[in-house]
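Residue numbers (the working numbering): 151 to 474.
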């Protein structure tokens with residue numbers, strides 16, 4: 151299939167864009183996944199397909215650029231043909247890839263002056279959200295708590311089994327609390343936050359039982375008591391609700407931006423729509439925020455008593471929506 155596509159692209163001199171994404175192999179070797187996006191037939195939508203997986207011996211821009219060129223030449227393109235049909239280069243926003251002075255894109259642009267350099271919209275969204283949360287504050291406390299939950303259950307089969315027992319006794323479908331990654335932060339955070347929302351009563355019960363479990367040492371019991379205090383604090387619940395509402399919207403947007411069929415005009419329209427939806431949360435709170443407000447009135451959430459915890463930073467909803 152790939153050979154047929156390449157043959158047709160070369161024969162018809164179809165315009166192409168190179169998409170490059172850095173990754174790491176199972177053997178912890180730095181690699182580069184090279185994709186091509188091309189309009190093979192004027193009557194067809196542009197298609198994107200993986201061209202090759204290239205191993206990198208160096209993370210310098212010059213080496214990466216040479217590897218991309220070598221990949222293209224190996225697959226039947228010539229420099230002369232590329233000058234005629236190569237119109238774009240797209241990657242994440244790392245300086246080695248899109249640095250203005252000496253990034254891979256700039257080096258390719260020196261050889262092919264007509265190409266357009268583009269920062270992947272999905273990666274751009276991730277960076278924007280990360281910067282917005284840093285500005286509003288509270289992200290570090292919140293993420294530290296989520297990371298502690300992940301470590302607690304991923305590294306201890308005993309804790310995981312006890313949590314499962316609590317969920318079973320409460321008739322709750324338990325969802326695994328995954329790791330929040332620095333890359334793909336929106337999607338991984340949404341999964342983790344959704345898991346905590348659904349497993350909230352089971353988590354509270356497990357923390358309570360573990361904090362009173364005599365076979366555990368005093369330090370471990372104190373740790374679970376602290377986790378219970380944070381989980382059942384109104385500030386944490388309101389921050390959790392805020393994150394759940396915004397991450398649901400951002401996760402849906404990021405999935406659309408990752409779709410290979412998403413064009414720039416479509417992406418612009420979709421982002422405009424999602425900006426308006428997120429802005430509307432200032433006037434019309436999301437469902438999770440509504441649930442948290444109702445819980446605050448009675449200081450109870452999913453049959454768990456809530457309390458104040460001044461030391462836990464509360465994410466500001468109005469500032470959060472505006473910044474994002």
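Built from N, CA and C at the ideal position, the CB exists for glycine as well. Every value quoted in this text rests on a predicted model; they were computed, and no experiment measured them.
1. If residue 184 sits next to residue 221, beta carbons under 8 Å apart, how far is it from one beta carbon to the other, in whole angstroms?
2. I'd like the list of long-range same chain contacts for residue 403, defined as Cβ closer than 6 Å, with 5 residues on each side in sequence excluded.
3. Kindly indicate which three-state DSSP category residue 188 falls into: helix, strand or coil?
4. In this structure, does DSSP put residue 202 in helix, strand or coil?
5. Could you work out which residue in 412, 261, 218, 375 is closest to residue 361 when comparing CA atoms only?
6. Are the CB atoms of residue 428 and residue 396 nearer to each other than 8 Å?
7. Give the straight-line distance between the Cα atoms of residue 158 and residue 409, rounded to the nearest whole angstrom.
8. DSSP state of residue 249, grouped into three classes?
9. Under three-state DSSP, which class holds residue 162?
10. Could you check how far apart the C-beta atoms of residue 188 and residue 196 are, in whole angstroms? I think they sit under 8 Å.
11. I'd like to check one pair, residue 165 with residue 237: are the Cβ atoms closer than 8 Å?
12. To the nearest angstrom, how far is it from the Cα of residue 337 to the Cα of residue 297?
13. Whose C-alpha, out of 350, 276, 437, 180, is nearest the C-alpha of residue 454?
14. Is the region 375-392 touching the region 431-442, taking contact as three or more C-beta pairs under 8 Å?
15. Suppose you measure from the CA of residue 216 to the CA of residue 204; what does that come to, to the nearest Å?
16. Under 8 Å by Cβ, that's how I've got residue 485 and residue 163 pegged, so tell me the actual separation to the nearest angstrom.
17. Can you tell me the Cα-Cα spacing of residue 371 and residue 359, whole angstroms?
18. How would you write the range of the alpha helix (DSSP H) that residue 241 sits in, first residue to last?
19. How many Å lie between residue 259 and residue 252 at the Cα?
20. Would you tell me roughly how many angstroms separate the C-alpha atoms of residue 261 and residue 281, rounded to the nearest one?
21. Excluding sequence positions up to five away, which residues of its chain have a Cβ less than 7 Å from the Cβ of residue 357?
22. Can you give me the C-alpha to C-alpha distance between residue 283 and residue 169, rounded to a whole angstrom?
23. Please report the Cβ distance between residue 246 and residue 335, rounded to the nearest whole angstrom; I am assuming they are in contact, meaning their Cβ atoms lie under 8 Å.
24. Could you check if residue 303 is buried or exposed, using at least 16 other CB atoms within 10 Å of its CB as the buried criterion?
25. Between residue 250 and residue 214, which are expected to be in contact by the criterion C-beta below 8 Å, what is the C-beta distance as a whole number of angstroms?
26. Quick check on residue 436: buried or exposed, where buried means 16 or more other Cβ atoms within 10 Å of its Cβ?
27. Identify, in the order they occur along the chain, each residue of the same chain with its Cβ nearer than 8 Å to the Cβ of residue 449, setting aside the five sequence neighbours on each side.
Looking at the atomic coordinates:
1. 5 Å
2. 424
3. strand
4. strand
5. 375
6. The Cβ atoms of residue 428 and residue 396 lie closer than 8 Å to each other.
7. 24 Å
8. coil
9. Residue 162: helix per DSSP, three-state reduction.
10. 6 Å
11. Contact: yes.
12. So the alpha carbons of these two residues sit roughly 15 Å apart.
13. 350
14. yes
15. 11 Å
16. The displayed coordinates of the chain run from 151 to 474. Any statement about residue 485 would go beyond what the structure contains.
17. Here the C-alpha atom of residue 371 lies approximately 9 Å from the C-alpha atom of residue 359.
18. Counting along the chain, residue 241 falls outside any alpha helix (DSSP H), though it belongs to the beta strand (DSSP E) covering 236-241.
19. 10 Å
20. 34 Å
21. 374, 377, 378, 381
22. 28 Å
23. With a beta-carbon spacing of about 20 Å, residue 246 and residue 335 fall beyond the 8 Å limit used to define contacts.
24. buried
25. With a Cβ gap of about 16 Å, residue 250 and residue 214 do not count as contacting.
26. buried
27. 384, 455, 456, 457
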